[in-house]
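By numbering that gives the first Met the number 0, the letter at position 103 of the sequence shown is numbered 102, and the numbering carries on one by one without gaps. The C-beta atom is built at its ideal place from N, Cα and C for all residues, glycine as well. Values in this document were obtained by computation on a predicted structure and should not be read as measured data.
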Amino acid sequence: MDYAAEIEQIAAEARRRSSLLMGEIDETNRQTAMRAEQLAVDAAARLRELAEEEAEAAETAEPQPVQPEPAYEAPVRMTAPPAPAPFVPDPTMTPEEQRQAEIRAAVARARAARQARSTVAPSDGDYDPEAEYYRRSTWLD
Numbered sequence: 000m001d002y003a004a005e006i007e008q009i010a011a012e013a014r015r016r017s018s019l020l021m022g023e024i025d026e027t028n029r030q031t032a033m034r035a036e037q038l039a040v041d042a043a044a045r046l047r048e049l050a051e052e053e054a055e056a057a058e059t060a061e062p063q064p065v066q067p068e069p070a071y072e073a074p075v076r077m078t079a080p081p082a083p084a085p086f087v088p089d090p091t092m093t094p095e096e097q098r099q100a101e102i103r104a105a106v107a108r109a110r111a112a113r114q115a116r117s118t119v120a121p122s123d124g125d126y127d128p129e130a131e132y133y134r135r136s137t138w139l140d
């Protein structure tokens, strides 16, 4: 058996089939281009007809009063809870009571800062009370 002749035969068959497929692709591209050109001509004619109809309708129509645009209302934004007041020492307190009061004030400030960062406000300004249910920090409430 001659392998070289068989390989040449297979290659010739592949070239023949490839040329048939390329011919079909070229024909399809030609038909597509013709159809696209025809559609463009039809669309241009239809647009001209619509423009003429619109012009005729505009000539016969009575002018409509201009509606003023509604006033823009800024969306309501959620605000963070107010920060606790800073610690002001009381002269009647003992040094230990003052230290405890300072610690309580620092803890309150830290809690307020964490809560302010964890409060989520919708970015689109659309306040939805039901959505707040799903944004809560714990599901135990």
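Between the alpha carbons of A57 and P67 lies a gap of roughly 21 Å. Between P88 and Q97, the C-beta gap is smaller than 8 Å, which places the two residues in contact. For S18, the secondary structure class from DSSP, reduced to helix, strand or coil, is helix.
Spanning the alpha carbons of D1 and A10 requires a straight line of approximately 15 Å. In the structure shown, the three-state DSSP call for E7 is helix. Assigned with DSSP and collapsed to three states, M33 falls in helix.
Annotation note: the stretch 39 to 65 contains no uninterrupted beta strand (DSSP E) run of length 3 or greater.
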